[in-house]
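Residue numbers (the working numbering): 8 to 385.
Cβ coordinates follow ideal geometry from the N, Cα and C atoms, glycine included.
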Ligand SMILES: Nc1ncnc2c1ncn2[C@@H]1O[C@H](COP(=O)(O)OP(=O)(O)O)[C@@H](O)[C@H]1O
Ligand SMILES: [Mg+2]
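Here it is in structure tokens:
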């Protein structure tokens, strides 16, 4: 442990985290727009998770920052320096990919030393530095193994060591855990985070797994169709999603049929008039100008009360452990998903008439989607 601590000190002493800025980054492949004006600033030493559906431009964003891809327009800044035209090998960026990209004919230590050799670092210094990094990722005893003699998790540790060998200013991780077993994924998630914090290295971590993003990142950047939708700390993203897209991508949302009134910024839902958070959908998006919209609320924020005179009815219950997820059919036939503490289920059997109450605070509103209450974000 003392060895490791001193190793960490040696490594971190040589570097402080850099600021990374994407400015109006644009990149198309033929008819496909991969990046559509991406703006994002990552603070020194911060871990930002890029989260978004497949094809939204996450990998392209990392590859342009690493210098493997040229943007059509826009600017990349590292510590204020424009690196848009700088070739990849001079960018000072380390990258780890989803699939193990180790050189199969090189041992673990030679894989880690590869970049050092390319940069002309002498043999003794190479050896010392690579050994230091193997120590750092907890695999000093596997220095002589070839990639096929290592597990997936061990290979990703070696890939991480290799990416850090040249003391990059920025670390880029493109779904580094996606190919691993669930248990290994959890362990490595924590290890990467600890290492990143100890080194203080500015890190961009791409994932399509919301739980991974929320559990690891200082801030989560949700991307959609080549643009940034919202970037915020995990709890803020969950509690105050800026848009319906973020709300439904991060966590679970119930959709409740509602009616937008006159242009006074309120909606009527479940017998309540509530202010709208953010933007009301435009008139063109509201079904046939009827004012029909959906209000988006977290399932646990909806209060369910057993009520003999209630006009809504519980039609389904799924046990989730501490909570139970209820499907409630509304008077007008729509269905709403709500989460209640499991201990409250004694008074809320399937078939029971109930009243649903929304929290008294501004709500997100989206255009009405038929036959659709609550959906999984991923
Ligand atoms: N080299 C390429 N040639 C053609 N299309 C590409 C290329 N790279 C990415 N794309 C397209 O650009 C879009 C964004 O891709 P990508 O950045 O890989 O998304 P993500 O990593 O979020 O899944 C996708 O539609 C993808 O098919
Ligand atoms: Mg990708």
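Excluding five sequence neighbours on each side, which residues of the same chain lie with their C-beta closer than 8 Å to the C-beta of residue 228? The residue labelled residue 228 in the question sits at position 221 within the chain shown. 47, 55, 56, 57, 58, 235, 237, 238, listed in sequence order.
Spatially closest choice to residue 120 from 168, 207, 203, 340, by CA coordinates: If you number the chain shown from 1, residue 120 lands on position 113. Of 168, 207, 203, 340, the smallest CA-CA separation from residue 120 is found for 168.
DSSP on residue 91, reduced to helix/strand/coil? Here residue 91 refers to the residue found at position 84 when the chain shown is read from its first residue. Coil at residue 91, not helix or strand.
Mind checking which residues open and close the beta strand (DSSP E) that includes residue 282? Reading the chain shown from its first residue, position 275 is the one you call residue 282. Where residue 282 is concerned, the enclosing beta strand (DSSP E) starts and stops at 279 to 282.
Ligand 1 heavy atom lying under 6 Å from the CB of residue 63: On the chain shown, position 56 is the one that residue 63 refers to. Using a cutoff of 6 Å, the CB of residue 63 counts as near ligand 1, since one of the ligand's heavy atoms is closer than that.
If we ignore side chains and look at the alpha-carbon of each, how far apart do residue 198 and residue 96 end up? What you label residue 198 is simply residue 191 of the chain shown in a count that begins at 1. What you label residue 96 is simply residue 89 of the chain shown in a count that begins at 1. Cα to Cα, residue 198 sits roughly 27 Å from residue 96.
Check whether residue 214 and residue 49 have beta carbons under 7 Å apart: Taking the first residue of the chain shown as 1, we reach residue 214 at position 207. Taking the first residue of the chain shown as 1, we reach residue 49 at position 42. Cβ atoms of residue 214 and residue 49: not closer than 7 Å.
Might you give, ordered along the chain, the residues of its own chain that have their beta carbon closer than 6 Å to the beta carbon of residue 354, omitting 5 neighbours on each side? If you number the chain shown from 1, residue 354 lands on position 347. Cβ neighbours of residue 354 beyond the five flanking positions: 313.
Along the alpha helix (DSSP H) that carries residue 400, what are the first and last residues, could you check? Residue 400 cannot be examined here, being either before or after the span of the chain that is shown, 8 to 385.
Got a sec: does ligand 2 put a non-hydrogen atom nearer than 6 Å to the Cβ of residue 362? Here residue 362 refers to the residue found at position 355 of the chain shown. Incorrect: residue 362 has no Cβ contact closer than 6 Å to ligand 2.
Tell me whether residue 384 sits in a helix, a strand or coil according to DSSP, three-state version. Translated into positions along the chain shown, residue 384 becomes position 377. With a pLDDT of only 37 at residue 384, under the threshold of 50, the placement of this residue in the model should not be trusted, and no figure is reported.
Cutoff 7 Å: residue 250 Cβ touching any chain B Cβ: The question asks about chain B, but that chain is absent: this structure has only one protein chain.
For residue 253, the three-state DSSP class (helix, strand or coil): Here residue 253 refers to the residue found at position 246 when the chain shown is read from its first residue. Note: residue 253 maps to helix in three-state DSSP.
Can you tell me whether residue 66 sits near ligand 2, meaning its C-beta is under 6 Å from at least one heavy atom of the ligand? By 1-based counting over the chain shown, the position of residue 66 is 59. At least one heavy atom of ligand 2 is nearer than 6 Å to the Cβ of residue 66, so yes.
Cβ-Cβ distance between residue 2 and residue 263 below 7 Å: Shown here, the chain extends from 8 to 385; a query on residue 2 therefore has no answer.
Under the three-state DSSP convention, the category residue 346 falls into: Here residue 346 refers to the residue found at position 339 of the chain shown. DSSP places residue 346 in strand when its eight states are reduced to three.
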